[in-house]
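The structure appears right after this line, and notes come after that.
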Amino acid sequence: MGKYLVKRIFYMLLTLFLVATITFFLMKLMPGSPYANQQKMTPEQLQIMNEQYGLNKPVWQQYLIYLLGLVKGDLGTSFQYSNQPVSYLISSRIGPSGQLGLQAIIFGLVIGIVIGAIGAINKNTWIDTSSTILSILGISIPSFVLAVLLQYYVGLKLGWLPIADWGGFSYTILPTIALGVGPLAETARFIRTEMVDVLSSDYIELAKAKGLTKFGVVFHHALRNSLIPLVTLIGPYTVALMTGSMVVENIFSIPGIGEQFVKSILTNDFPTIMGVTMLYSAGLVVVILLTDIIYGIIDPRIRLTGRRN
Amino acid sequence: MTENILEVNHLEINFHTYAGDVKAIRDVSFHLAKGETLAIVGESGSGKSVTTKSLMGLLANNAEVMGGEILYHGEDLLKKSEKQMEGIRGKDIATIFQDPMTSLDPTMRIGRQIAEPLMKHKHFKKEKAMAQALEILKLVGITDAERRFKDYPHQFSGGQRQRIVIAISLVCYPEILIADEPTTALDVTIQAQILELMKELQSKIETSIIFITHDLGVVAGMADRVAVMYAGRIIEYGTVDEVFYNPQHPYTWGLLNSMPTLDSEHLYAIPGTPPDLLDPPKGDAFAARNDYAMKIDTEQQPPFFDVSPTHAAATWLLHPDAPKVTPPVEIQRRYKIFSEQQETKIKANQNLAEG
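From first to last, the protein sequence lines stand for chains A and B. If you're matching positions, the first sequence starts at 5 in my numbering and goes up one per residue. If you're matching positions, the second sequence starts at 4 in my numbering and goes up one per residue.
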């Protein structure tokens, strides 16, 4: 286990290094500069600014300086807000994003599993068909369309929930739904397929032959075996939530990382773009490692090392 | 006369498919006495597994019982509710499946899997159920049972897994054990061990066994009585000796003839394929593949003709007016053994009477 972890962590760091390098040089290729109204600046002013932010140095030096900063945990200083370190910018905004992501994934998984399981148990009936239609809709409707629809109907027409902004749980409900419907639909479809498969297996037949109730068979034998492969989807879900949050946070004007990310791209705030990219990448590789470890724990057939009793 | 704990009368089961109704079970009747082993023999698709699934009330969704009754201690299982069947399954009637590699839940420790029926049917607390499960695990011959109790199925070999499945099925001491080809998926050396274990446990637990198989070699050592199924019907039944050494139905002849013997140079195979049960033939379903078929075989379903009080076969060859036919050489050899057996029996009886 220890050796395995060391190996995995090494590869994780390698991945992050490659991500940092590629994004850094990609950003240097981007047209435009961080200055809002360059035309009005005198060459002297421009030079002073460039010197202050280290933009006058050769690109390879800027790269090395950035890498060195990364190793020390320094993400640099934001261009859009004077003297604000990127790490502060991120940490002050990670709360809403984290809460939203967590709520969305719990909402998506729980409801998705229930809908998928109900579909599988009632295979080829109208219940199954409607749950399939529901999940196809969920997969095909983009989160930003759903977000706007929710704002219009639930927020404006019915007036049940706040349309936008951030301030208490009621403000999180609509964005959570908008963000969570994708994973929900994906989960429902996945669990349905998986469970139909499991329900036709011999061990389910044996469980029935033991005299267990329908609920007992599904709960104790079918569900666990269908849930295991779902763990592999946690990685892709994390990506979906990160990208989804950029759009959804903007639509609901939530002061989260996604919203900040979009703002930073619009203003060419290189250090913030880099910082958020690194945060997302680090989050993803950690989630993937955790997924593999969890998989080993819940599926006894897969152990990270060949442990013999 | 021993008590019949199970009686199946005129069972008819159809499967609804897109192509039409498949008449999988057609007028099947048999009975099972306490403590005996009944073998149901037949090739794939002859309806043997469907018959046993109907006993458990575990038929597929598209199956429909068209008629007949399944009397367990005089009560018709077909009339029981799902709730009542749950109380019977695993407690009074238990089952062993064909493939031990797939019949255990891969993510549940085997101890828990064995204990489950006890918690369900006897309402044992977890510790008590686990303790009893451990006892039965020792009984089925898993070495080092205490340590292996908490292992998962993938940590056991095929033979061991079948022992575990047997433990699960016997943990509530069922009255009837249905073994659906329990040794087919195992290699030959393990087969013998599992059969031995089943016989041993049968005498300990006093359970009756319905043994489904296509392997006549296995039947000879296990069963008291044999029923031969073909195309959804039972076509011949009798004691093991009667069916093996005095077979009357040409299909049974074919089956016995296709068993390899030490001096057989090439293996006999019954020509043709079983009939399509979407539209079963009018007469004897075996007629098309039968070298001994007569005109009436294709027109009218033969009734059962009694050969002895325990032996009957559904073939027109047994009709008093039927012409005498010469069965295959192998069957003649068996007849000879049978008549020798009968003679020794008669002599023994005479000796007994005189002595």
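Note that the Cβ used here is the ideal one computed from N, Cα and C, for glycine as well.
C-alpha gap between M199(A) and G90(B), whole angstroms: Taking the first residue of the first sequence as position 1, residue 199(A) is located at position 195. Taking the first residue of the second sequence as position 1, residue 90(B) is located at position 87. Spanning the two alpha carbons is a distance of roughly 25 Å.
contact_flag[the stretch 207-215 of chain B, the stretch 23-30 of chain B] where n(CB pairs < 8 Å) is 3 or more: With a cut-off of 8 Å on Cβ pairs, the stretch 207-215 of chain B is not in contact with the stretch 23-30 of chain B, counting fewer than three such pairs.
First and last residue of the beta strand (DSSP E) that includes R193(A)? Against the first sequence, residue 193(A) aligns to sequence position 189. Where R193(A) is concerned, there is no enclosing beta strand (DSSP E), although the alpha helix (DSSP H) it sits in stretches over 173-203.
Should L316(A) go down as buried or exposed, given a rule of 16 or more other Cβ atoms within 10 Å for buried? The structure shown has nothing for residue 316(A), since chain A only spans 5 to 313.
List, in chain order, every chain A residue whose beta-carbon is nearer than 8 Å to that of H124(B). Taking the first residue of the second sequence as 1, we reach residue 124(B) at position 121. Simply G215.
Specify, as a first and last residue, the run of the beta strand (DSSP E) that S311(B) falls within. Position 308 of the second sequence, counted from the first residue, corresponds to residue 311(B). S311(B): member of the beta strand (DSSP E) spanning 308-311, first to last residue.
My output table needs one value for F33(B): the three-state DSSP class, helix, strand or coil. In the second sequence, residue 33(B) corresponds to position 30, counting from 1. Residue state for F33(B) is assigned as strand, using DSSP reduced to three classes.
Do L203(A) and I297(A) have their C-beta atoms closer together than 9 Å? Here residue 203(A) corresponds to residue number 199 of the first sequence, with the count starting at 1. Here residue 297(A) corresponds to residue number 293 of the first sequence, with the count starting at 1. Result no, Cβ atoms of L203(A) and I297(A) do not sit closer than 9 Å.
Which partner residues of F274(A) appear in the DSSP bridge assignment? On the first sequence, position 270 is the one that residue 274(A) refers to. Per DSSP, none; premise fails for F274(A).
Taking S205(A) as the query, report the chain B residues whose CB atoms sit under 8 Å from its CB, ordered along the chain. Along the first sequence, one-based indexing puts residue 205(A) at 201. Against chain B, the beta carbon of S205(A) has neighbours under 8 Å at T105, listed in chain order.
Could you pull out every residue in the same chain whose Cβ sits closer than 6 Å to the Cβ of V168(B), ignoring the five residues on either side in sequence? Translated into positions along the second sequence, residue 168(B) becomes position 165. I99, P103, S106.
8 Å contact criterion, which S147(A) and G186(A) should meet: CB distance rounded: Here residue 147(A) refers to the residue found at position 143 when the first sequence is read from its first residue. Here residue 186(A) refers to the residue found at position 182 when the first sequence is read from its first residue. Correct: roughly 6 Å between the Cβ atoms.
S172(B) CB to nearest chain A CB: under 9 Å? Here residue 172(B) refers to the residue found at position 169 of the second sequence. By this cut-off, S172(B) is an interface position.
Element boundaries [alpha helix (DSSP H), containing H314(B)]: For the purposes of this step, residue 314(B) is taken as residue 311 along the second sequence, with counting starting at 1. No alpha helix (DSSP H) contains H314(B), which is instead part of the beta strand (DSSP E) from 314-316.
Mind checking which residues open and close the beta strand (DSSP E) that includes Y75(B)? Counted from its first residue, the second sequence places residue 75(B) at position 72. In the DSSP assignment, Y75(B) falls within the unbroken beta strand (DSSP E) covering 66-75.
As assigned by DSSP and simplified to three states, the class of V229(B): Within the second sequence, numbered from 1, the residue matching residue 229(B) stands at position 226. Three-state DSSP puts V229(B) in a strand.
Partners in chain C for D201(A), counting only beta-carbon separations shorter than 8 Å: Structure shown: chain C not included; protein chains present are A and B.
How would you label L281(B), buried or exposed, when you count the other beta carbons within 10 angstroms and need 16 or more for buried? Here residue 281(B) corresponds to residue number 278 of the second sequence, with the count starting at 1. When all chains shown are included, L281(B) counts as exposed.
9 Å is my cut-off, CB to CB: does K94(B) come that close to chain A? Taking the first residue of the second sequence as position 1, residue 94(B) is located at position 91. Yes, contact with chain A.
Helix, strand or coil for S147(A) per DSSP? In the first sequence, counting from the first residue as 1, residue 147(A) sits at position 143. The answer is helix: DSSP assigns S147(A) an H, G or I state.
Could you run through the stretch 40-70 of chain B and flag, in chain order, every residue whose CB is less than 8 Å away from some CB of chain A? Within the stretch 40-70 of chain B, the residues whose Cβ lies closer than 8 Å to any Cβ of chain A are, in chain order, M59, L61.
Going along chain B, which residues have a C-beta under 8 Å from E209(A)? For the purposes of this step, residue 209(A) is taken as residue 205 along the first sequence, with counting starting at 1. Ordered by position in chain B, the residues that pass the 8 Å Cβ test against E209(A) are L61, F100, S106.
Report the neighbours of D303(A) on chain B: residues whose CB is nearer than 7 Å to its CB, in chain order. The sequence position of residue 303(A) within the first sequence is 299, counting from 1. Those within 7 Å of D303(A) in chain B are T110.
When T236(A), K214(A), K127(A) are compared against K125(B), the one with the closest alpha-carbon: Taking the first residue of the second sequence as position 1, residue 125(B) is located at position 122. Comparing Cα-Cα distances from K125(B) to each of T236(A), K214(A), K127(A), the minimum goes to K214(A).
Quick check on the burial criterion: 16 or more other C-beta atoms within 10 angstroms. Buried or exposed for L9(B)? Sequence index remark: in the second sequence, residue 9(B) carries index 6 (1-based). For L9(B), the number of other beta carbons within 10 angstroms of its own is at least 16, and it is reported as buried.
Every unbroken beta strand (DSSP E) inside the stretch 87-132 of chain B [3 residues or more]: Fully enclosed beta strand (DSSP E) runs of 3 or longer: 96-99.
Can you find a C-beta in chain B that's less than 9 Å from the C-beta of I232(A)? For this step, residue 232(A) is matched to residue 228 along the first sequence. Put simply, the CB of I232(A) is near chain B, with a gap under 9 Å to one of its CB atoms.
N- and C-terminal bounds of the alpha helix (DSSP H) containing Y240(B): By one-based count along the second sequence, residue 240(B) stands at place 237. Looking at the DSSP string, Y240(B) is not in any alpha helix (DSSP H); the run it does join, the beta strand (DSSP E), is 236-242.
Which of the three DSSP states, helix, strand or coil, is assigned to K32(A)? Here residue 32(A) refers to the residue found at position 28 when the first sequence is read from its first residue. Three-state result, K32(A): helix.
Are there 16 or more other CB atoms within 10 angstroms of the CB of P47(A), so buried, or fewer, so exposed? Residue 47(A) sits at position 43 when you count from the first residue of the first sequence. Residue burial is scored here from C-beta neighbours: P47(A) has fewer than 16 other C-beta atoms within 10 angstroms and is therefore classed as exposed.
Interface partners of N229(A) on chain B, CB under 8 Å: Translated into positions along the first sequence, residue 229(A) becomes position 225. Those within 8 Å of N229(A) in chain B are D108, P109, T110.
Give me the chain A residues within the contact set of Y155(B), using Cβ-Cβ distance strictly less than 9 Å, ordered along the chain. In the second sequence, counting from the first residue as 1, residue 155(B) sits at position 152. Within 9 Å Cβ-Cβ: P304, R305.
Residues near N352(B) in its chain [Cβ-Cβ closer than 6 Å; skip 5 each side]: If you number the second sequence from 1, residue 352(B) lands on position 349. Nothing listed; no residue qualifies.
Give the single residue among F83(A), V10(A), I167(A) whose Cα lies nearest to the Cα of G58(A). The residue labelled residue 58(A) in the question sits at position 54 within the first sequence. Cα-wise, what sits closest to G58(A) is F83(A).
By DSSP, does A296(B) sit in helix, in strand, or in coil? Translated into positions along the second sequence, residue 296(B) becomes position 293. It is coil, neither helix nor strand.
Neighbour list for G90(B) in chain A, Cβ cutoff strictly below 8 Å: Numbered from its first residue, the second sequence carries residue 90(B) at position 87. Below the 8 Å Cβ cutoff, chain A contributes G215 as neighbours of G90(B), in chain order.
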